[in-house]
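In what follows, a single structure is set out as structure tokens and then discussed.
Numbering (this note's numbering), first residue to last: 260 to 458.
Below, the structure is given as structure tokens:
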């Protein structure tokens with residue numbers, strides 16, 4: 260808390276840009292941040308959604324690289340930034356911090372592998388089922404707090420397809436839809452079966 264820079268953002272504001280230097284660790288204090296890239300054709304691809312307690316930058320803090328993606332506040336949100344220099348000092352003073360950072364990197368690599376597997380599924384329902392299972396593990400109450408557009412941009416699907424498939428899943432009791440930005444996972448086994456069968 261003493262060494263961190265604290266910044267707050269309103270919903271829709273830019274938290275960082277892809278060309279910004281990746282020289283700090285970012286910790287989400289509250290709210291959500293969308294990580295995305297805009298392709299040459301202008302289409303947005305959502306890489307991840309950070310929520311309260313999530314960390315970003317531990318894998319690139321000493322690489323000399325740029326962020327490589329844009330960060331946008333999905334809600335009013337607050338972050339802490341800790342520079343590479345300060346992180347280095349902390350690790351020397353408290354080695355368990357370095358261990359925690361390694362655990363965080365390991366989890367992200369695991370999640371990235373799972374997302375790559377999800378995107379390899381041929382059918383929209385399988386992709387959506389896998390994605391909902393992955394996101395529900397990180398959200399409270401097994402609820403995925405994303406709009407249909409954000410889910411579609413994460414899976415390279417159209418919004419119409421996501422809306423249709425979510426409606427089908429809701430009718431079959433796999434999920435419960437509340438408004439346009441909340442998908443409650445009700446039946447994990449059914450979603451897992453839909454993901455595995457890829458139909």
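Where is the CB? At the ideal position from N, CA and C, for every residue including glycine.
In terms of Cα proximity to residue 302, the closest of 417, 438, 453 is 417. Under the rule that a run must span 3 or more residues, the beta strand (DSSP E) segments found entirely inside the stretch 317–398 read 329–332, 336–342. Shown here for residue 387: same chain residues with a beta carbon closer than 6 Å to its own, the five before and five after excluded, namely 424 in chain order. With respect to residue 380, residue 457 sits close: the two C-beta atoms are nearer than 7 Å. The beta carbon of residue 389 lies closer than 7 Å to those of 377, 380, 454 in the same chain, with the five residues before and after it left out.
Excluding residues up to 5 positions away in sequence, 349, 350 lie with their Cβ nearer than 7 Å to the Cβ of residue 356 in the same chain. One Cα belongs to residue 311, the other to residue 373, and the distance between them is close to 21 Å. When the beta-carbon positions are compared, residue 281 and residue 331 stay at least 7 Å from each other.
By the neighbour-count criterion, in which 16 or more other beta carbons inside 10 Å mark a residue as buried, residue 405 falls on the buried side. Within a 10 Å sphere around the beta-carbon of residue 324 sit fewer than 16 other beta-carbons, which makes this residue exposed.
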